[in-house]
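Engineer: Here it is, the structure, as structure tokens.
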Amino acid sequence: MLAFSSCDEFLDVNQNPNSPTEAPIAQVMTNATVNTGFRNGSDLHRFTSLIMQQFSGQNSLGTQTREYERYLIQPSDLNNLYNSFYADALPDLEYIINNSAQSPHYTGIARILKAYTYSQIVDVWGDVPFSEALKGTANVAPKLDDDATIYPELIKMLNAGIADLKQTSSVLSPGNNETIYGGDRTKWEKFANTLKLRLFLKYSEKEPAFAKAQMDALIASGGPFMASNSDNFQMSFVDAQSSQNSIHQFEISRPSTFFPNKFLVDLMNSRNDPRRATYFTPFPYTTNTATANYVGAKAGDDQSIRYSRMHTYLRGNLKTPLTPVASGADAGAIVANAANNAAYTGAAPIRMLTFAEYNFIRAEHALRFGAGVAAAVPFYEAGIRASMADAGVSAAADAYILANPLLTATNPLQRIIQEKYVANYGVALEPWNDWRRTGFPNISPVPTPLANVDYIPRSLYYPEAETNSNPNITQKPDMKVRVFWDTRQ
1014 MLAFSSCDEF LDVNQNPNSP TEAPIAQVMT NATVNTGFRN GSDLHRFTSL
1064 IMQQFSGQNS LGTQTREYER YLIQPSDLNN LYNSFYADAL PDLEYIINNS
1114 AQSPHYTGIA RILKAYTYSQ IVDVWGDVPF SEALKGTANV APKLDDDATI
1164 YPELIKMLNA GIADLKQTSS VLSPGNNETI YGGDRTKWEK FANTLKLRLF
1214 LKYSEKEPAF AKAQMDALIA SGGPFMASNS DNFQMSFVDA QSSQNSIHQF
1264 EISRPSTFFP NKFLVDLMNS RNDPRRATYF TPFPYTTNTA TANYVGAKAG
1314 DDQSIRYSRM HTYLRGNLKT PLTPVASGAD AGAIVANAAN NAAYTGAAPI
1364 RMLTFAEYNF IRAEHALRFG AGVAAAVPFY EAGIRASMAD AGVSAAADAY
1414 ILANPLLTAT NPLQRIIQEK YVANYGVALE PWNDWRRTGF PNISPVPTPL
1464 ANVDYIPRSL YYPEAETNSN PNITQKPDMK VRVFWDTRQ
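Set out below in structure tokens:
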């Protein structure tokens, strides 16, 4: 596994916040928010985007991404991801909560981030340590909790976090040391409420009546919820060595192992999607978007670089022009060399929950539990507009919506989830959650014998280090084991 040292370098602090004997909570908050951004652009993103055919590990067999794409994900591959949650993120957040009794604005953010972090852990593994976790040396072998019992606790955690943020008195309050919203408590409250909608929607197949009741009540409360792209839950990065986003850094360190997938590219090609201009580089490369051609890779392709690559949406703006291969078999291809990598700022944000997704959540809620497809249309269109604006192609939104209406779609739910899938390009985990929950987008498993198994994973193995050291964690028989909300047949 690739372990970036960049997060520590990005922080540039003298104390180690992961051993916070005397660490000031302001410094630990910085560590917690920066780690959240890096984690969502690192292993978690690669595992889930390869499973969901947003990316392809097109390269010779044996490379990390190629193996993940064909579902060869070993328990040892999960050690770093698990540690990023249980050894890094959660201890920092627990430290803030336990050492900020007079500073509820700190504990509020920490509780909200803790709930978000645990929601990801549950969605990856299902049953995980919760009630006995984070006890340090007092309990080095925590039991697994039933994942169905954890989600309700996360809602309580979010409510407690919101209540803390609303306190008028706080000895200390986060500012720019909190690197997601810069200490803006209203934005954190909007995120927490939007996250609750995301969590309640997970019950849509398992307990639809519960999902409807909870979402109806939350929406009726008035939130507040995300209201524009400025409310996006995302981590910003800068154009400086070791401070660029982790998706961009992976392209530099592992060139030509992570290409946009044919499934996603073809889906967008079929709709002449204007977001392609910032999502992907054309192949052959051209700066004329009117004539650009976009080509995705897929598992089983011969080793090649004759594909589109991720572009400014995930890597940041161009500082200098890209230079394609001039001649030969690879003419027109963009090589991930030093010059082309340096052309990008690397300052694109890592997006984790966006205003576009909020609107697609509301569209699905209206379709499933409200007045039907007509009620879903305004949210569907708002989700597309938000995504187009985030991709820098707002002017094309009207024509795209006109060509891809929801009202006359044969399967409105499929159309909503497909658009959510495109909008969530670069968002870790959530496209996989949507597929497990709804069956959309309708990806097909990588065929055997190329694939290691004949199914798309429904959860990941427990990490080898944990099953070896914790007698209370027994390895899963396979990756068919489902999280509690995944009841779709």
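Heads up: the sequence shown begins at 1014 in the working numbering, then just goes up one per residue.
Don't be surprised by glycine CBs; every beta carbon is placed ideally from N, CA and C.
Alpha carbons only, please: which of Gly1309, Ala1388, Ser1113 is nearest the one belonging to Val1184?
Structural biologist: Among Gly1309, Ala1388, Ser1113, the Cα nearest to that of Val1184 is on Ser1113.
Engineer: Between which residues of its own chain and Lys1148 is the CB-CB distance below 6 Å, once the five residues before and five after are set aside?
Structural biologist: Closer than 6 Å at the Cβ level, and outside the excluded window around Lys1148, lies no residue.
Engineer: Since Phe1246 is in the alpha helix (DSSP H), which residue starts that stretch and which ends it?
Structural biologist: Looking at the DSSP string, Phe1246 is not in any alpha helix (DSSP H); the run it does join, the beta strand (DSSP E), is 1246-1248.
Engineer: Any idea if Asp1403 is buried or exposed, counting beta-carbon neighbours within 10 angstroms, 16 or more meaning buried?
Structural biologist: Classification of Asp1403: buried, given that the 10 Å Cβ count is 16 or more.
Engineer: Quick one: what's got a C-beta closer than 8 Å to Thr1270's C-beta in the same chain, skipping five residues either side?
Structural biologist: Here the set comprises Gly1070, Gln1071, Asn1072, Thr1076, Gln1077, Thr1078, Arg1079.
Engineer: What residues in its chain sit with their C-beta under 8 Å from that of Asp1279, if we drop five residues either side in the sequence?
Structural biologist: Cβ neighbours of Asp1279 beyond the five flanking positions: Gly1309.
Engineer: Under 8 Å, with one C-beta from each stretch per pair, do the stretch 1457-1471 and the stretch 1429-1442 reach the 3-pair mark?
Structural biologist: The stretch 1457-1471 is not in contact with the stretch 1429-1442.
Engineer: Tell me where the beta strand (DSSP E) around Met1239 begins and ends.
Structural biologist: It is not in any beta strand (DSSP E) - Met1239 carries neither H nor E in the DSSP assignment.
Engineer: Using DSSP with H/G/I as helix, E/B as strand and the rest coil, what is Met1323?
Structural biologist: Looking at Met1323 - three-state DSSP - the assignment turns out to be strand.
Engineer: Please state if the CB of Pro1273 and the CB of Phe1068 are separated by a distance shorter than 8 Å.
Structural biologist: Yes, Cβ-Cβ distance for Phe1068 and Pro1273 is below 8 Å.
Engineer: Note down, in chain order, each residue of its chain lying with its Cβ closer than 8 Å to the Cβ of Glu1191, except the 5 sequence neighbours on either side.
Structural biologist: The answer, listed in chain order, is Met1042, Thr1043, Thr1046, Ile1122.
Engineer: Go ahead and label Asn1353 buried or exposed: buried means 16 or more other beta carbons lie within 10 angstroms of its beta carbon, across all protein chains shown.
Structural biologist: Buried, by the Cβ-count rule.
Engineer: Only counting runs of 4 or more residues, tell me where the alpha helix (DSSP H) segments fall wholly within the stretch 1412-1442, in order along the chain.
Structural biologist: Those alpha helix (DSSP H) runs which fall completely within the stretch 1412-1442 and span 4+ residues are 1425-1436.
Engineer: Which residue wins for smallest C-alpha separation from Val1251, given the options Gly1359, Leu1442, Arg1288?
Structural biologist: Closest option to Val1251, Cα to Cα, is Gly1359.
Engineer: Between which residues of its own chain and Glu1479 is the CB-CB distance below 7 Å, once the five residues before and five after are set aside?
Structural biologist: Closer than 7 Å at the Cβ level, and outside the excluded window around Glu1479, lie Tyr1095, Ile1486.
Engineer: State the Cα-Cα distance for the pair Lys1275 and Val1406, rounded to the nearest angstrom.
Structural biologist: Answer to the nearest angstrom: the Cα atoms are 22 Å apart.
Engineer: Can you tell me whether Phe1204 is helix, strand or coil according to DSSP?
Structural biologist: Here Phe1204 sits in helix by DSSP.
Engineer: Indicate whether the contact test is met: 3 or more Cβ pairs, each with one atom in the stretch 1101-1112 and one in the stretch 1141-1160, closer than 8 Å.
Structural biologist: These segments touch.
Engineer: So what's Arg1501 in DSSP terms, helix, strand or just coil?
Structural biologist: Coil at Arg1501, not helix or strand.
Engineer: Where does Leu1331 fall in DSSP's three states?
Structural biologist: Strand, per DSSP.
Engineer: Counting along the chain, where does the alpha helix (DSSP H) carrying Met1042 start and finish?
Structural biologist: Where Met1042 is concerned, the enclosing alpha helix (DSSP H) stretches over 1038-1053.
Engineer: Ignoring anything shorter than 3 residues or poking outside the stretch 1060-1102, list the beta strand (DSSP E) runs there in chain order.
Structural biologist: The qualifying runs do not exist here; there are none.
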